[in-house]
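Residue 60 in the UniProt record's numbering is what sits at position 60 of the sequence shown, and the numbering runs on without skipping anything. I have placed the structure first, in the form of structure tokens, so that the comments after it can refer back to it.
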Amino acid sequence: SVPLVVRGSTRVSVLCLFVCYYCYSYVFIHIYILDMAGTKLFGKDLSQYEELDIDDLLDQLSPEELELLAGDVDPDDSLIPPSERNSYRCTKEATGPLDRKRLIDHINTVSINEPDKPDFVPYIAGTVRGKKWVPPPPPEPQGGDEDDEGDGTRTEVEVDLDEELASVLNTASEDEIVDLAAILGFHSMMNQDQYHASLLNKAILGFHSMMNQDQYHASLLNKGKPLGVGWGGITKATKFKALPVEPPNDTNVDEAINKLTNDDPMMKELNFNNIRNISDEKFSTLLQSLSENRHLEFLSMSNVGLCDRHLPDLTHSLTNNTTLKTLNLETNNISPSGIVTIMEALVKTHTLEEIRLANQRSSVLGNKIEMSLTTIIESNPSLLRVGLHFEFNDARNRVSKHLQKNLDTFRQQRVGHKMKSCTVGYPLLPPFMSLTVHQDEDD
Numbered sequence: 001s002v003p004l005v006v007r008g009s010t011r012v013s014v015l016c017l018f019v020c021y022y023c024y025s026y027v028f029i030h031i032y033i034l035d036m037a038g039t040k041l042f043g044k045d046l047s048q049y050e051e052l053d054i055d056d057l058l059d060q061l062s063p064e065e066l067e068l069l070a071g072d073v074d075p076d077d078s079l080i081p082p083s084e085r086n087s088y089r090c091t092k093e094a095t096g097p098l099d100r101k102r103l104i105d106h107i108n109t110v111s112i113n114e115p116d117k118p119d120f121v122p123y124i125a126g127t128v129r130g131k132k133w134v135p136p137p138p139p140e141p142q143g144g145d146e147d148d149e150g151d152g153t154r155t156e157v158e159v160d161l162d163e164e165l166a167s168v169l170n171t172a173s174e175d176e177i178v179d180l181a182a183i184l185g186f187h188s189m190m191n192q193d194q195y196h197a198s199l200l201n202k203a204i205l206g207f208h209s210m211m212n213q214d215q216y217h218a219s220l221l222n223k224g225k226p227l228g229v230g231w232g233g234i235t236k237a238t239k240f241k242a243l244p245v246e247p248p249n250d251t252n253v254d255e256a257i258n259k260l261t262n263d264d265p266m267m268k269e270l271n272f273n274n275i276r277n278i279s280d281e282k283f284s285t286l287l288q289s290l291s292e293n294r295h296l297e298f299l300s301m302s303n304v305g306l307c308d309r310h311l312p313d314l315t316h317s318l319t320n321n322t323t324l325k326t327l328n329l330e331t332n333n334i335s336p337s338g339i340v341t342i343m344e345a346l347v348k349t350h351t352l353e354e355i356r357l358a359n360q361r362s363s364v365l366g367n368k369i370e371m372s373l374t375t376i377i378e379s380n381p382s383l384l385r386v387g388l389h390f391e392f393n394d395a396r397n398r399v400s401k402h403l404q405k406n407l408d409t410f411r412q413q414r415v416g417h418k419m420k421s422c423t424v425g426y427p428l429l430p431p432f433m434s435l436t437v438h439q440d441e442d443d
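Next comes the structure, spelled out in structure tokens:
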């Protein structure tokens, strides 16, 4: 409909030029046209359109054609509203404000009521359409007396053995050959059951020096091998041994608190693990009585719901108690700052040797908390074991070195205490070996 001397596919190129002109700039179109000299589009020579003026071409288009041309353009300009950047132009008038729920209900109703498109070929169960894939047959082994060089044949090597070795190998059973392969180191030829069975049966071939005493006696008792340890054996997954369910903690909380308050000399250990029904009043009584106790050495309170509101009583007890050696507070709700408070309380007494604080409310302590804990631990000369995960290598290495230093100091003190009880030099003779000197009466 455009009154131009343009026919066929060349008109498409001109419209493309219009699009480029609309999207980019007038100068770019001119450069593009100059670069099109001597080129072809869809097999048509475009050299005759080099001198065409874009403005003249656009002036010859009607408003409807210009609007149609502009509708095919999607300018990448964020300042233009989205409704103006797409090719769809809605000519309907607005029916009112947007009601999202009503719109979604309308879309669901239309999708349910609209019938599905019928299949060109109806579905029939069990009918195979198209070409069914058939796996190729496995390659057959090629036999021959030729060499292996490039022809894919296998060469059989004949080994000359003396009559004694040949007779032994020919009369050997399958299990004995498996044992021989294990002894010679051909582990890739055996599965796991075959290898372990061969370790327990090396005595059959007389390799006693390669076994310890337990293996040798086990080989004597294991005369018949289990099924599946020959060349055709199949190793199966080892069945896990079902462990019994851990029984519930039957510790009487009230009775234990009374013994702890009365400083019972027979109570050396106290285990409250997994007891979740301890009230705050009982916690307070327990921790307050711990500060005055002088016999308890092991206290475990794992998974009891201990949190930061119980820390004032706990830190007060740790500051005053001088007999507690091990404290387990794992799997509770203590914050990282609460862990720092507990570790600071241990510096005042220097009696606790082991503390466990892993698996708390926050799995990651942070660099600041870890450095604070490292400084506190390095100032404690009595800690031997700390159950706490450090994420940063610097804190982990410093804590490990300090704990090793404390262990060495503790070992030296223990050895020195034993050396003091020994006699320096030659040991004293027992009384029955001492010589009795009898003096003469004249002397």
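Every residue, glycine too, gets a C-beta built ideally from N, C-alpha and C.
Can you say whether residue i is buried or exposed, counting buried as having 16 or more other CB atoms within 10 angstroms of its CB?
i	result
asparagine 277	exposed
glutamate 50	exposed
alanine 166	exposed
glutamate 93	exposed
isoleucine 377	buried
methionine 266	exposed
methionine 433	Interpretation of methionine 433 is limited by its pLDDT of 48, a score under 50 that renders its predicted location unreliable; the figure taken from the coordinates is listed afterwards. Classification of methionine 433: exposed, given that the 10 Å Cβ count is below 16.
residue 446	Residue coverage of the chain in this structure runs from 1 to 443, which leaves residue 446 outside it and unanswerable.
aspartate 179	buried
aspartate 440	At aspartate 440, the pLDDT of 49 sits below 50, so the modelled position is not reliable and the matter cannot be decided from this model.
isoleucine 342	buried
lysine 131	exposed
isoleucine 334	buried
leucine 79	exposed
methionine 301	buried
asparagine 86	exposed
serine 272	Serine is not the amino acid found at residue 272; the sequence shown has phenylalanine there. With 16 or more other Cβ atoms within 10 Å, it is buried.
Does DSSP put residue i in a helix, in a strand, or in coil?
i	result
arginine 294	coil
glutamate 114	coil
aspartate 179	helix
glutamate 391	coil
aspartate 53	coil
leucine 299	strand
aspartate 45	strand
arginine 258	Residue 258 is actually asparagine in this sequence, not arginine. Residue state, collapsed to three classes: helix.
glycine 228	Legend: pLDDT at glycine 228 = 45, less than 50; position of this residue unreliable, value from coordinates given subsequently. Three-state DSSP puts glycine 228 in coil, outside helix and strand.
lysine 92	coil
leucine 220	With a pLDDT of 46 at leucine 220, under the threshold of 50, the modelled position of this residue cannot be trusted; read the value that follows with caution. Three-state result, leucine 220: helix.
lysine 401	helix
lysine 131	coil
Identify, in the order they occur along the chain, each residue of the same chain with its Cβ nearer than 6 Å to the Cβ of residue i, setting aside the five sequence neighbours on each side.
i	result
valine 364	none
lysine 268	Glu297
Can you tell me which of the options puts its alpha carbon nearest to the alpha carbon of residue i?
i	options	result
histidine 389	Pro381, Val399, Leu383, Asn380	Val399
glutamate 353	Ser337, Ser382, Thr109	Ser382
asparagine 332	Arg356, Thr351, Leu324, Met343	Arg356
serine 289	Leu306, His316, Cys307	His316
glutamate 370	Arg361, Glu391, Asn359	Glu391
aspartate 250	Pro244, Leu270, Lys241, Met266	Leu270
cysteine 307	Val253, Asn397, Ile339, Glu344	Ile339
alanine 372	Asn359, Thr351, Glu64, Arg396	The question names alanine, but residue 372 in the sequence shown is serine. Minimum Cα distance to serine 372 is reached at Arg396.
serine 279	His310, Glu344, Lys241	His310
lysine 368	Gln413, Ala345, Ser337, Asp119	Ser337
aspartate 254	Arg385, Leu243, Ser284, Pro244	Ser284
leucine 329	Asn321, Leu314, Thr323	Leu314
isoleucine 257	Asn293, Lys418, Asn321, Leu318	Asn293
proline 312	Thr322, Thr323, Glu344	Glu344
leucine 58	Lys117, Leu260, Ala70	Ala70
asparagine 274	Leu260, Leu286, Glu246, Lys282	Glu246
threonine 375	Gln360, Asp99, Leu346, Lys259	Leu346
asparagine 393	Gln412, Asp99, Gly366, Lys418	Gly366
Given residue i, which residues of its chain have a CB within under 8 Å of its CB, disregarding the five upstream and five downstream residues?
i	result
threonine 127	none
asparagine 262	none
aspartate 112	Looking at the sequence provided, one finds isoleucine at residue 112 rather than aspartate. Closer than 8 Å at Cβ, skipping near neighbours: no residue.
threonine 351	Asn321, Thr322, Thr323, Leu324, Lys325, Ser382
leucine 407	Leu384
Can you give me the start and stop residues for the beta strand (DSSP E) that residue i sits inside?
i	result
valine 245	Careful: valine 245 lies outside any beta strand (DSSP E) and carries neither H nor E.
valine 385	Looking at the sequence provided, one finds arginine at residue 385 rather than valine. Its beta strand (DSSP E) spans residues 385-387.
arginine 356	354-356
leucine 270	269-271
Taking the alpha helix (DSSP H) that residue i belongs to, which residues open and close that run?
i	result
asparagine 367	367-378
threonine 326	Premise fails: threonine 326 lies in the beta strand (DSSP E), 326-328, not in any alpha helix (DSSP H).
methionine 266	No alpha helix (DSSP H) holds methionine 266; DSSP gives it neither H nor E.
asparagine 274	Neither: asparagine 274 is in no alpha helix (DSSP H) and is coded neither H nor E.
isoleucine 334	That residue, isoleucine 334, is in no alpha helix (DSSP H); it is neither H nor E in DSSP.
Residues in the same chain with beta-carbon distance under 7 Å from residue i, minus the five sequence neighbours each way, listed in chain order, please.
i	result
lysine 223	Only weak support is given to the placement of lysine 223: the predicted model assigns it a pLDDT of 44, under 50, and the value that follows is read from those uncertain coordinates. The answer is none, since no qualifying residue turns up.
valine 386	Ile355, Ile377, Val399, Leu403
alanine 358	Glu330, Gly387, Leu388, His389
alanine 125	none
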